[in-house]
Every structure is written in structure tokens, then in C-alpha cells.
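Enquirer: Top line first, the protein sequences correspond to chains A and B. Each residue of the first sequence is one higher than the one before, counting from 315 in the numbering used here. Each residue of the second sequence is one higher than the one before, counting from 3 in the numbering used here. Here a beta-carbon is modelled for each residue, glycine too, at the ideal position from N, C-alpha and C.
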Amino acid sequence: MRVMAQMSMIMNLDKCIGCHTCSVTCKQVWTNRTGVEYVWFNNVETKPGVGYPRRYEDQEKWKGGWQRNKRGRLKLRSGGRIKRLATIFNNPDLPVIDDYYEPWTYDYDMLTKAPLSTESPVARPKSLLTGQNMDIKWSGNWDDDLGGSQETAADDPILATMSEHVKMEFENTFMFYLPRICEHCLNPACVAACPSGAMYKREEDGIVLVDEDGCRGWRMCVSACPYKKVYFNHKTGKAEKCTLCYPLIEQGKPTICSETCVGRLRYLGLMLYDADAVLAQASVENEHDLLDAQRACFLDPFDPEVIAAAKAEGMEDDWILAAQNSPIYKLISEYKVALPLHPEYRTMPMVWYIPPLSPVVDVISTTNNDGEDARTLFAAIDKLRIPVEYLAGLFSAGDVVPVEDSLRKLAAMRSYMRDINLGRDRDESIPEAVGMTGTEIEAMYRLLAIAKYEDRYVIPKAHVETARELEELACSLDTDGGPGMGGPTAATAAGPYGKTPGMPLNATVDNYNQMVGKGGERTKPTTPGRVNLLNWTGGGVPDGMFPPRTIDGATGSPA
Amino acid sequence: MNPLDILLWVAFPYAAAGVFIVGHLLRYRFDQFGWTSRSSQTYENKWLRWGSPLFHYGILMVFGGHIVGLFIPKPWLEFFGVTEHIYHLGATWLGSIAAVLTIAGLVILLVRRRLVARVKLVTTVMDKVMYLFLTGTIAFGTTATVLYQVLGAGYDYRGSISPWIRSLYGFQPDPALMSDVPFFFQLHVLCATSLFLLWPFTRLVHVFSAPLGYFVRPYIVYRSRDGHRGTGAVKARRGWEKSELPRGTRDKEGSRR
Numbered sequence: 315m316r317v318m319a320q321m322s323m324i325m326n327l328d329k330c331i332g333c334h335t336c337s338v339t340c341k342q343v344w345t346n347r348t349g350v351e352y353v354w355f356n357n358v359e360t361k362p363g364v365g366y367p368r369r370y371e372d373q374e375k376w377k378g379g380w381q382r383n384k385r386g387r388l389k390l391r392s393g394g395r396i397k398r399l400a401t402i403f404n405n406p407d408l409p410v411i412d413d414y415y416e417p418w419t420y421d422y423d424m425l426t427k428a429p430l431s432t433e434s435p436v437a438r439p440k441s442l443l444t445g446q447n448m449d450i451k452w453s454g455n456w457d458d459d460l461g462g463s464q465e466t467a468a469d470d471p472i473l474a475t476m477s478e479h480v481k482m483e484f485e486n487t488f489m490f491y492l493p494r495i496c497e498h499c500l501n502p503a504c505v506a507a508c509p510s511g512a513m514y515k516r517e518e519d520g521i522v523l524v525d526e527d528g529c530r531g532w533r534m535c536v537s538a539c540p541y542k543k544v545y546f547n548h549k550t551g552k553a554e555k556c557t558l559c560y561p562l563i564e565q566g567k568p569t570i571c572s573e574t575c576v577g578r579l580r581y582l583g584l585m586l587y588d589a590d591a592v593l594a595q596a597s598v599e600n601e602h603d604l605l606d607a608q609r610a611c612f613l614d615p616f617d618p619e620v621i622a623a624a625k626a627e628g629m630e631d632d633w634i635l636a637a638q639n640s641p642i643y644k645l646i647s648e649y650k651v652a653l654p655l656h657p658e659y660r661t662m663p664m665v666w667y668i669p670p671l672s673p674v675v676d677v678i679s680t681t682n683n684d685g686e687d688a689r690t691l692f693a694a695i696d697k698l699r700i701p702v703e704y705l706a707g708l709f710s711a712g713d714v715v716p717v718e719d720s721l722r723k724l725a726a727m728r729s730y731m732r733d734i735n736l737g738r739d740r741d742e743s744i745p746e747a748v749g750m751t752g753t754e755i756e757a758m759y760r761l762l763a764i765a766k767y768e769d770r771y772v773i774p775k776a777h778v779e780t781a782r783e784l785e786e787l788a789c790s791l792d793t794d795g796g797p798g799m800g801g802p803t804a805a806t807a808a809g810p811y812g813k814t815p816g817m818p819l820n821a822t823v824d825n826y827n828q829m830v831g832k833g834g835e836r837t838k839p840t841t842p843g844r845v846n847l848l849n850w851t852g853g854g855v856p857d858g859m860f861p862p863r864t865i866d867g868a869t870g871s872p873a
Numbered sequence: 003m004n005p006l007d008i009l010l011w012v013a014f015p016y017a018a019a020g021v022f023i024v025g026h027l028l029r030y031r032f033d034q035f036g037w038t039s040r041s042s043q044t045y046e047n048k049w050l051r052w053g054s055p056l057f058h059y060g061i062l063m064v065f066g067g068h069i070v071g072l073f074i075p076k077p078w079l080e081f082f083g084v085t086e087h088i089y090h091l092g093a094t095w096l097g098s099i100a101a102v103l104t105i106a107g108l109v110i111l112l113v114r115r116r117l118v119a120r121v122k123l124v125t126t127v128m129d130k131v132m133y134l135f136l137t138g139t140i141a142f143g144t145t146a147t148v149l150y151q152v153l154g155a156g157y158d159y160r161g162s163i164s165p166w167i168r169s170l171y172g173f174q175p176d177p178a179l180m181s182d183v184p185f186f187f188q189l190h191v192l193c194a195t196s197l198f199l200l201w202p203f204t205r206l207v208h209v210f211s212a213p214l215g216y217f218v219r220p221y222i223v224y225r226s227r228d229g230h231r232g233t234g235a236v237k238a239r240r241g242w243e244k245s246e247l248p249r250g251t252r253d254k255e256g257s258r259r
């Protein structure tokens, strides 16, 4: 037994309103740079829908994740070591940027500075790759709220595996949002596929990271990740991915996506697991057994044997305590309401989801039945095959039983707590029907519905006595051009080696006008010298930021 | 031995070798972040799918051929039964296949770089200089082979160019060996030497990160945030290496605000 701690996340999908706040704040923190304009470490998908990048769940095409071969051993679906190095000159499974979307900005300057004309000025979309005018045809959430999904939803790989009538009916049946970040898997395919060994799983907290200095840009991680959550920075030629905001996590603070989540639907905490058990459990034959196999990797943080083994590994007491108080442990192992996303990829993902009951409740409510009555809800879960089957396609490799169990617990909680809130007698038969006690239901209600900050985030600090770099303002990702860079100056970006082509490194997304001398001339602002403060990194005073000085030293507008 | 011969066939190669070695060492030390193949596959894949493997497999064959032709002395090969005739057949046939693959790939890559707007825009000046010398080297080498080996009577470069190169490695340079070498071979050698001179400053450095370690390392890599964790009771296993802090962090320490 090798006890490891894994910082994990759970998202309660019933609470997600699809506002994309998590995506936007994540983007502002991590990917508002050139080269990653198209990258969303956190994205929110409408389901059913094709996702981001398009159809990423179709592993027949993208060859992500692991596969069990005839001898019962795990193999990367994209091939073993020899095939990988043989195809290193052209990764056969790599999505091109159009599978995500071509990034663009608008010619905003036109709106205020267009010459007098009979027509209203328009801000035309400009490609951030070429600076040319472009037609916007796709984006990271083009099918948001099922928009245009009559045309695209048939491409949803999960719907495709379901029966024909589903495709016709689903629009009237259900819809929910699926926020996604990197899964920080226990058996990460991206790490296994990296030819340079530059990707690794952190021993302390299991966060999967890219060593930006070691990455040589072979792009095998991008294609091997079945969730397509490793991205290629096309300007620096290096892989980048969600870091689980580790500079924050190390200080005991939640990630940006969690902190800013309006619905408070994210939970962060530790799971203890046995690293030696992972490979065998990920190799079980039946895909439907993968959920239980992963649960079997997790260790009970209250078990004295586990505690002793954890201490032998050097785990500190506060970390063990945090594992015992972890909301993740409660939701996965005690209440068993959380489920992993696509366990069939065999990567043992560690961002789990509480499936949404809302599709079921919505149907009941529209038929004027009592959407908070346990018996009605139980019957509906049994009867509403379409959402349940779809959820099973997402969270349990198509096995409806775990999804039903989870939904029934949520339904029981809903119904049992209504009686309490209305001052009625407690109906203990409701928790009994789902194998829980009234006390457990109340505790689960407190965690899921009240969701206090300190209950949602139980994050032990990294040990300062052993860490050298925990100041928030100087995170260890602050390498030039790296994901956490504080914005290198033009001087550091233009050294003899570090020169990247195209736009300057310290630019933000909104900056095609800065593509000077690279075909960008035609798209230069109509008033050269004007400064867009959105692009200002805070360093230095660019030309045009202030009006020119007059001769006597006072400032004023030019004559 | 005139001064020009010494300049071209002694001074220049040694200067290029010096820049090549020192340049790579310095760049490896100070520019890990810039050390990448800087792939453009995400921009465009339809042309690259053909061009890149053709070029790379071709150029690897070319490299192998040059090792055999330049670094293994003639008598050694003859000792193993490779006569002049067999060597010539092999060099001509395998060399031709390699040349066709390389040139076809290079043409596809160059056309793509010029015509695909996304790729063209990210091409740096250094890329262009590198492409010029790379194309020149391949073009002169092919021209020399076609002119002298295929159409002509055949030129035994293993009696002149090869010993000259080995004389450089032995620090007993003999520029006289090169003075009577046919013109296009001379051009090929000079162009290649210039390319070696430029090498550490271009994206060609990715050649030295050929990830051969992938064959032997464990699939899942674990690294520790700092080296002090653990009681030492459990011995670290293969694949559980300790990581170093990114170098950039330490370098920046002095300038931290």
C-alpha cells in the first residue's frame, strides 16, 4: 500500500446555471495570452451537445485515454511506445485549432474613430491567427443552451450511442450544464504519452502539471487526453493545462473557478488513495465495474492502518485531518452520490459530478405533479429512461444503476427535507428507501444545499517549512512566457533565443492591432498611438497613453 | 595551400563547430523554455501530414548515409566486405530514395509555409534564414550527386572529403584534400557548415531532444514539489523523481518586487 493524497473536485450539477463565470475568471487568470486565445482550462458545456473541442468524447476518432488489450493489460488507445515515436513527426490524432475554434477579436476602434459616413460603423471580427476579416462559425460554447442544436446535437457522441427515438425527443426532455476542468487523473494518459517525460503528477497533492522547461512540444499529451484538457500554446510551442490553481491550493485557498462560482456548486478536498492499486483497478475487464474499481482505490482516512501508512510516507497530521473532513470523501465514499466523468476512459479521473435531478423534476413539474414527493420522483427516475441513460453515458460507462442510485438519494433528500422545513413529521421511510438514515440525509443536505464555504473547501496548506515558493505574488509558474508569467516585457521576450513569432508575448487577446509587420498593417487602428487599456500590462507608459506635453510642460490636447 | 583554403576548410569549420557546441550548451542552460520544435500542426494538418514525415524520415536516412560515407574509413568497410562497387550501388540507390523523400517533404513544407496564411505569419526571420541554408545544403548535395555520381563518371569523395572531415576531428586539419573537390561538393560542404553555425539559434535544436528515454521510462511520472518530503522509510522507486523548481523562479528572485 502506498498512500497518496489527491486534491479533488466535485461539482453539483443541479446547481449549475450555465453562467460561465468560472470559465471567464479562469481565462482571465490563466489563458489571456497570445497562443492560448482559443484555450479554456475551464469550460461549460450544454448537454446534450458536442462539447469543446467538438466531439471530444468520440474516442474512435481522437484515440484518447487507455484501452484494455486482450491480455488484460492497459495500453494507450493511441498506441504504445514504438508507435508514438514513429509518428512523432506528425501526430495522427491531434485536433487542429478549428476543432476548438479560430480565435478572433473585433475592430472596436472603428466604432469611435470611423470617418463621417452615411453608414453606421461596424466592428468587424478579425482572426487572431491571421489578422484578416473572418466569419465566426464556431466557438467554445456555440451550442450554449441548445442553441442551434437541431443541427449539431446529432453529433453528440453520447446521443449517438443511444437509441434512435432519443435523438428526436431530447429537446423537449432535458438539458443541463457540464462545467469541465482537467480531471487530474490517478492514471493520467497525458503523462503516459509525453515522450519527454515533462508531464508529471505531483506526489504531494496529485495535481497533474506540465514542466514548461522540459516540454519539447511533441503534442502527444493533447491527443492522449480523452477529455482534451491539455492544450497546445501555438505561439510558445509548449503544452499548457489546468493547474488546479496550485499556487492558491498550496495556501489553502480554493481555485479561481471554485471561488467565483455563483452557484457555489464546487467542492474541493483531499482523497487518500492507494497508488499501488491504481493500475490493477483501472484494468478491470467490464467497463461497468470501473466505478467500483476506482472507489476501491480510495482509502478510509479514519482507518488506523491507513493513517499509520500515510505517516510512514511522510504525510503530516493536518493533511490526514483534512482528508477526514474532506467533502469529497463524504460525497464519493459515504453518501455515494458523486460519479466520475467517463470512467470508461480508464484514466481514473478525480473531478467527479453529482448528476442533475433537475431534468427529472422539470418533467414532473410540467405535468402538474408534485416534484418534491419522494414516490413521484422515484417513479419518474425509473420511467424517464432518456435523461437517465444519457447521464449514465456520461458518468458510469452506460450503466444506469449508479446514476439511478444517486438520483434517488437526491430525490429522497429533496422530499425528506421538505417535510422538515414545513414542520411536518419526518418520514423515515424515505431515507430508508435509499439506504440512508435521516441524520445522514440532513448532513448531506447541509453539505449540498447550505454549502457553507468552510464545508465546501477543506484544503490543507502545503507545508511551508518544506516549501520555498508560496508567496501568492510570485508563483512558481512565473517563468517568461509561462502560464503564470507576470507579463514579460518586450525586452525579455525578444532575447536572442526566446523570440516567438507573430505577436508580442505580453499581449492580451484583444490585440490583433499589434501584429505590426506581420500582415497586420491593414488592420491597424485608425488612430495610431491610441492605447487600449485592456491591453496594458501595467508596465511602463506606452505612447499615446497620455496626451502629448506642450512646450511649457503642461499637458493638453494637441492643436 | 593558399590562405583561402585555410579559411574555408580549416578556420570556418572550426569556428562553426565552436559556435555549434558552445551555442547549444548555452542555449540548453539558459533557454529551456524556448527549446521546442514549435510545431505548426495545430494551424494546418492536411499538408503537414504528408510533408513532415516525408522530410523527417528522408533526412534521417540522409544522416545515416553521411555517417557511413564520411566517418567510416574506406578500409574498414572493405574489411567487412563492402567493396567500392557495393558501396557505390548502396549509396546511389538508398541515397536517391532518401533524396526523393527529403526533397518531396521539403517542397511540401516550404510551399505550405508560404501559402498557408496562419503558418506564414508565425515564420520568424531566423526560420527563413534557416530554411535558406537547409534548402541550399540539400539542393547542392543533390546537384553534386546527380552531376558527378549519376550522370558523370562518379567521384570518390571517400578519398577526399571524408578524410578531410576526419582530419578535422583529429585536430590535424588537411585543407589540401578539399582544394580539388568538385565545385558543387564544395558548395554543399560550405552551406552545411553555415547551417551548423546557425543551428543552435534556430528551431533545429529540437533534433537533440529526440525522446529516446520514452522507451525505458515508466508511463506515469511522479515528482515531488520539494526534495525534503518523506521520512525516508519508503525507498523512492523508479519514476518518482524529485523535481527541481523551475529555473525561472530562482533567476527572478533578485528582481522581485
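1. Would you list, in chain order, the members of the stretch 79-104 of chain B that have their beta-carbon closer than 9 Å to a beta-carbon of chain A?
2. Given that Val505(A) touches chain B, what residues does it touch there, using C-beta distances under 8 Å?
3. Tell me whether Pro745(A) sits in a helix, a strand or coil according to DSSP, three-state version.
4. Could you tell me how far apart the beta carbons of Pro774(A) and Ala636(A) are, in whole angstroms, since I believe they sit closer than 8 Å?
5. Determine the closest residue to Phe57(B) out of Leu91(B), Met180(B), Phe22(B) and Val109(B), with distance taken between C-alpha atoms.
6. By DSSP, does Leu91(B) sit in helix, in strand, or in coil?
7. So, do the stretch 9-28 of chain B and the stretch 73-86 of chain B have three or more beta carbon pairs nearer to each other than 8 Å?
8. Counting beta carbon pairs with one atom in the stretch 738-745 of chain A and one in the stretch 616-632 of chain A, are three or more of them shorter than 8 Å?
9. Under 8 Å: do the stretch 538-556 of chain A and the stretch 489-497 of chain A share three or more Cβ pairs, one atom per stretch?
10. Could you work out which residues of chain B lie near Leu399(A), taking near to mean beta carbons separated by less than 9 Å?
11. With DSSP run on the structure shown, which of helix, strand or coil describes Arg385(A)?
12. Does any C-beta atom of chain A lie closer than 8 Å to the C-beta of Lys237(B)?
13. Excluding five sequence neighbours on each side, which residues of the same chain lie with their C-beta closer than 7 Å to the C-beta of Trp452(A)?
14. Within the present structure, is the beta-carbon of Asp590(A) separated from the nearest heavy atom of the ligand GDP by less than 7 Å?
15. Hey, how far is the Cα of Phe860(A) from the Cα of Val127(B)?
16. Name the one or two DSSP bridge partners that Thr360(A) has.
17. Per the DSSP calculation, Arg261(A) is bridged to which residue(s)?
18. Have a look at Leu473(A) and Arg368(A) and give me their C-alpha separation to the nearest angstrom.
19. Given a limit of 8 Å on CB to CB distance, which residues of the stretch 11-44 of chain B reach chain A?
20. Using the rule of at least 16 other Cβ atoms within 10 Å of the residue's Cβ for burial, across every protein chain shown, is Gly854(A) buried or exposed?
21. Keeping to the same chain, check which residues put their C-beta closer than 7 Å to that of Lys644(A); ignore five residues upstream and five downstream.
22. For Gln151(B), which residues of its own chain have a beta-carbon under 7 Å away from its beta-carbon, when the five flanking residues on both sides are left out?
23. With a cut-off of 8 Å on the beta carbons, I'd call Leu582(A) and Met321(A) a contact; round off their distance for me.
24. Check the DSSP bridge columns for Glu554(A) and list the partner residues they point to.
25. Buried or exposed for His87(B), please, with buried defined as at least 16 other CB atoms from any protein chain shown within 10 angstroms of its CB.
26. Exposed or buried, Thr345(A), counting other C-beta atoms within 10 Å across all chains shown (16 or more means buried)?
27. Name, please, each residue of chain A whose Cβ falls closer than 7 Å to the Cβ of Pro55(B).
28. If I measure Cβ to Cβ from Ala781(A) and keep anything under 8 Å in the same chain, skipping five residues before and after, which residues do I get?
29. Give the DSSP bridge partners of Ala319(A), in chain order.
30. Check whether the stretch 38-48 of chain B and the stretch 517-533 of chain A touch, using three or more Cβ-Cβ pairs below 8 Å as the test.
31. If you measure beta-carbon to beta-carbon, which residues of the stretch 550-575 of chain A are closer than 9 Å to chain B?
32. Out of curiosity, what's the CA-to-CA distance linking Thr147(B) and Trp52(B)?
33. Comparing C-alpha positions only, which one of Val102(B), Gly172(B), Leu9(B) and Asp129(B) sits nearest to Ala141(B)?
34. Output, in chain order, the set of chain A residues within a Cβ distance shorter than 7 Å of Ser169(B).
35. With DSSP collapsed to three states, give me the class of Arg225(B).
Expert: Put simply:
1. Identification of residues in the stretch 79-104 of chain B having a C-beta nearer than 9 Å to some C-beta of chain A yields an empty set.
2. Counted from its first residue, the first sequence places residue 505(A) at position 191. By Cβ distance, chain B contributes Tyr221, Ile222 and Val223.
3. For the purposes of this step, residue 745(A) is taken as residue 431 along the first sequence, with counting starting at 1. For Pro745(A), the secondary structure class from DSSP, reduced to helix, strand or coil, is helix.
4. Translated into positions along the first sequence, residue 774(A) becomes position 460. Translated into positions along the first sequence, residue 636(A) becomes position 322. Yes, Pro774(A) and Ala636(A) are in contact; Cβ-Cβ is about 4 Å, under 8 Å.
5. Stepping through the second sequence from its first residue, residue 57(B) is reached at position 55. Of the candidates Leu91(B), Met180(B), Phe22(B) and Val109(B), the one whose C-alpha sits nearest the C-alpha of Phe57(B) is Val109(B).
6. For the purposes of this step, residue 91(B) is taken as residue 89 along the second sequence, with counting starting at 1. Reduced to three states, the DSSP call for Leu91(B) is helix.
7. Contact between the stretch 9-28 of chain B and the stretch 73-86 of chain B is absent, because fewer than three Cβ pairs lie under 8 Å.
8. Taking 8 Å as the limit for Cβ pairs, the verdict is that the stretch 738-745 of chain A does not touch the stretch 616-632 of chain A.
9. Taking a cut-off of 8 Å on C-beta distances, the stretch 538-556 of chain A touches the stretch 489-497 of chain A, as three or more cross pairs fall below it.
10. Position 85 of the first sequence, counted from the start, is the residue given in the question as residue 399(A). What Leu399(A) touches in chain B: Ala212, Pro213, Leu214, Tyr216 and Phe217.
11. Here residue 385(A) refers to the residue found at position 71 of the first sequence. Correct three-state label for Arg385(A): coil.
12. Residue numbering aside, residue 237(B) sits at position 235 when the second sequence is read from its first letter. Legend: pLDDT at Lys237(B) = 46, less than 50; position of this residue unreliable, value from coordinates given subsequently. So, not an interface residue.
13. Walking along the first sequence from the start, residue 452(A) turns up at place 138. Once the five neighbours on either side are set aside, the close Cβ partners of Trp452(A) are Tyr415.
14. Of ligands this structure carries none, so the ligand GDP is not represented either.
15. In the first sequence, counting from the first residue as 1, residue 860(A) sits at position 546. In the second sequence, counting from the first residue as 1, residue 127(B) sits at position 125. One Cα belongs to Phe860(A), the other to Val127(B), and the distance between them is close to 34 Å.
16. Here residue 360(A) refers to the residue found at position 46 of the first sequence. According to DSSP, which records beta bridges pairwise, Thr360(A) is partnered with Tyr491(A).
17. A question about residue 261(A) goes unanswered here, because the residues of chain A that appear run from 315 up to 873.
18. Counted from its first residue, the first sequence places residue 473(A) at position 159. Counted from its first residue, the first sequence places residue 368(A) at position 54. Going from the Cα of Leu473(A) to the Cα of Arg368(A) covers about 14 Å.
19. For the stretch 11-44 of chain B, which is checked against every Cβ of chain A, the residues closer than 8 Å are Arg29, Phe32, Asp33, Gln34, Phe35, Gly36, Trp37, Thr38, Ser39, Arg40, Ser41, Ser42, Gln43 and Thr44.
20. On the first sequence, residue 854(A) is found 540 positions in, with the first residue counted as 1. Gly854(A) is exposed by the Cβ-count criterion.
21. Here residue 644(A) corresponds to residue number 330 of the first sequence, with the count starting at 1. Within the same chain, Lys644(A) has close Cβ partners Leu761.
22. By 1-based counting over the second sequence, the position of residue 151(B) is 149. Thr94 and Tyr157.
23. On the first sequence, position 268 is the one that residue 582(A) refers to. On the first sequence, position 7 is the one that residue 321(A) refers to. About 7 Å separates the beta carbon of Leu582(A) from that of Met321(A), a gap short enough to meet the 8 Å contact definition.
24. As a first step, residue 554(A) must be located in the first sequence, where it is residue number 240. Residue pairing by DSSP places Glu554(A) opposite Tyr545(A) in a beta bridge.
25. Mapped onto the second sequence, residue 87(B) falls at position 85. So His87(B) counts as exposed.
26. Working through the first sequence from its first residue, we reach residue 345(A) at position 31. Thr345(A) is buried by the Cβ-count criterion.
27. Counted from its first residue, the second sequence places residue 55(B) at position 53. Under the 7 Å cutoff, chain A gives Phe403 and Asn404.
28. Along the first sequence, one-based indexing puts residue 781(A) at 467. For Ala781(A), the predicted model reports a pLDDT of 47, less than 50, meaning its position is unreliable; a value from the coordinates is still stated below. Around Ala781(A), the same chain offers Glu564 as residues with beta carbons nearer than 8 Å, after the five sequence neighbours per side are excluded.
29. If you number the first sequence from 1, residue 319(A) lands on position 5. Partner(s): Leu586(A).
30. Touching, yes.
31. When CB distances to chain B are screened at a threshold of 9 Å, the residues of the stretch 550-575 of chain A falling below it are Thr550, Gly551, Lys552, Tyr560 and Glu564, in chain order.
32. Against the second sequence, residue 147(B) aligns to sequence position 145. Against the second sequence, residue 52(B) aligns to sequence position 50. In a straight line, the C-alpha of Thr147(B) is about 25 Å away from that of Trp52(B).
33. Mapped onto the second sequence, residue 141(B) falls at position 139. Closest option to Ala141(B), Cα to Cα, is Val102(B).
34. Stepping through the second sequence from its first residue, residue 169(B) is reached at position 167. Correct list: empty, because the minimum Cβ distance to chain A is about 32 Å.
35. Your numbering for residue 225(B) matches position 223 in the second sequence. Assignment of Arg225(B) by DSSP, reduced to helix, strand and coil, places it in the strand class.
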